[in-house]
Amino acid sequence: MDAQSGERAVELAVDIGHLSHRFGEGETQVRALSNIDLQIRRGEVIILMGPSGSGKTTLLTLIGCLRSVQTGSVKLLGQELNGASELTLMAMRRRLGFIFQAHNLHKSLTALQNVRMGLEVHGESGLRDWRDACEQALRLVNLGNRLEFLPEKLSGGQKQRVAVARALVGNPDVVFADEPTAALDRENGRLVVDLFRNLADQRQTTVLIVTHDHRIMDVADRILKMEEGRIVEDLAVDAAVLAAEGGAMPST
Ligand SMILES: Nc1ncnc2c1ncn2[C@@H]1O[C@H](COP(=O)(O)OP(=O)(O)O)[C@@H](O)[C@H]1O
Ligand SMILES: [Mg+2]
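Under this note's numbering, the first residue of the sequence shown is numbered 524, with each subsequent residue one higher.
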């Protein structure tokens, strides 16, 4: 690797070239992604929009090492994922944080223990101050007074915030969030996206958010719009906000 491409690899969190993805075979085959090119710098906050079925989740799960790359190149934090071994993918996943729509909390574990699961996948279960780290993560999402609560005693929005704390406690390099504010009121939605923004600014954390929530568009550096497996718009947020004010920003 020459010096220039080395620098580029460090600077880019995600570097995608000619990425396509299909599901199924023959007549029932669905082309979920068509020839995507995309570069995302470290510390960028990206919002991904687009109608249902446009390929947002497929793109997120490919970058997040949750499914195998079929065609094209996905470089995550400098590592090529196409053809990577399961061991490599596992090692990469430890550097990532996931917040998905179904928050998948363990019913029999308290909020604090659920957040601890986010440390265990990072191989840091022996960390002496795990309790401090988990408590702090829960305090950051305004749940410092719910540490010992089981999920059944928490509201939908509170469970969602436990999932956010679990995703962030291991200090991931890249955070993937699929509709993270859908279950949250305005105040808590703002709290969560402000957390993302601070991590991006202070730790160079890269954040990819799938959302339709217009209240949080301002948190992003860029807004990508997908349609039928392609990225059809890639707007710096200033331009996107101006377009929205002019009424030109699509509502999906
Ligand atoms: N596991 C799967 N098996 C078959 N088709 C799928 C699967 N996952 C997604 N698809 C199809 O791929 C396309 C993109 O889906 P998806 O990435 O989930 O879109 P979005 O997240 O934007 O709603 C859709 O046509 C969807 O039906
Ligand atoms: Mg989806």
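Yeah, the Cβ is synthetic: ideal placement off N, Cα and C, and Gly gets one too.
Under the rule that 16 or more other beta-carbon atoms within 10 Å means buried, what is glycine 578, buried or exposed? Looking at its Cβ environment, which holds 16 or more other Cβ atoms inside 10 Å, glycine 578 is buried.
Could you give the uninterrupted runs of the beta strand (DSSP E) lying entirely in the region 722 to 769, keeping only those of 3 residues or more? Counting whole runs of 3 or more residues, the region 722 to 769 contains the beta strand (DSSP E) stretches 729 to 733, 745 to 750, 753 to 759.
Are there 16 or more other CB atoms within 10 angstroms of the CB of methionine 772, so buried, or fewer, so exposed? The predicted model places methionine 772 with a pLDDT of 47, which falls under 50 and marks its position as unreliable, so this point remains unresolved.
Among Ile622, Leu758, Ser591, His541, nearest to threonine 611 - alpha-carbon criterion: Among Ile622, Leu758, Ser591, His541, the Cα nearest to that of threonine 611 is on Ser591.
Going by DSSP, what residue range makes up the alpha helix (DSSP H) through glycine 680? Glycine 680 -> alpha helix (DSSP H) spans 679 to 691.
For the candidate residues His541, Asp741, Gly606, Val733, whose alpha-carbon lies nearest to that of arginine 720? Of His541, Asp741, Gly606, Val733, the residue nearest in Cα terms is Asp741.
For glutamine 593, which residues of its own chain have a beta-carbon under 6 Å away from its beta-carbon, when the five flanking residues on both sides are left out? Take glutamine 593, set aside five residues on each side of it, and the residues of its chain with a beta-carbon closer than 6 Å to its own are His544, in chain order.
When we look at the beta-carbon of methionine 749 and count the other beta-carbons within 10 Å, is it buried (16 or more) or exposed? If you draw a 10 Å sphere on the C-beta of methionine 749, you find 16 or more other C-beta atoms in it, and that means buried.
Contact test: aspartate 701 Cβ vs ligand 2 heavy atom, cutoff 7 Å: In this structure, aspartate 701 has its CB closer than 7 Å to one or more heavy atoms of ligand 2.
Out of curiosity, what's the CA-to-CA distance linking threonine 704 and asparagine 605? Cα to Cα, threonine 704 sits roughly 31 Å from asparagine 605.
In chain order, what are the residue ranges of uninterrupted alpha helix (DSSP H) at least 4 long that sit wholly in the region 601 to 672? Runs of the alpha helix (DSSP H) spanning 4 or more residues and lying entirely within the region 601 to 672 occur at 609 to 616, 634 to 643, 653 to 663, in chain order.
Run the Cβ filter for me: residues under 5 Å from any heavy atom of ligand 1, listed in the order they occur in the chain. One residue after another in chain order, those with a Cβ under 5 Å from a heavy atom of ligand 1 are Phe546, Val553, Ala555, Ser575, Gly576, Ser577, Gly578, Lys579, Thr580, Thr581.
Pairwise C-alpha distance: alanine 607 and alanine 688: Near 29 Å, if we compare the C-alpha coordinates of alanine 607 and alanine 688.
Under the assumption that leucine 666 contacts glutamine 681 (Cβ atoms under 8 Å), give the Cβ distance between them as a whole number of angstroms. About 6 Å separates the CB atoms of leucine 666 and glutamine 681; that is less than 8 Å, so the two are in contact.
Is the separation between the beta-carbon of leucine 571 and that of leucine 747 shorter than 8 Å? Going by C-beta atoms, leucine 571 is nearer than 8 Å to leucine 747.
Where threonine 594 sits in the DSSP three-state scheme: Three-state result, threonine 594: strand.
For histidine 541, which residues of its own chain have a beta-carbon under 8 Å away from its beta-carbon, when the five flanking residues on both sides are left out? So the qualifying residues of the chain are Asn558, Ile559, Asp560, Thr594, Gly595, Ser596.
Note down the Cα distance separating leucine 673 from valine 568, rounded to an integer number of angstroms. Approximately 32 Å between the Cα atoms of the pair.
What is the C-beta distance between alanine 723 and leucine 677, in whole angstroms, given that I count them as a contact (C-beta under 8 Å)? That belief does not hold up - the Cβ atoms of alanine 723 and leucine 677 are roughly 27 Å apart, past 8 Å.
What's the call for threonine 728, buried or exposed, on a 16-neighbour Cβ count within 10 Å? Threonine 728 is buried by the Cβ-count criterion.
Beta-carbon contacts of methionine 640 that lie in its chain and below 8 Å, excluding the five residues immediately before and after: So the qualifying residues of the chain are His629, Leu632, Arg689.
Taking just the CA atoms, how far does glycine 547 sit from valine 730? Between valine 730 and glycine 547, the C-alpha separation is close to 30 Å.
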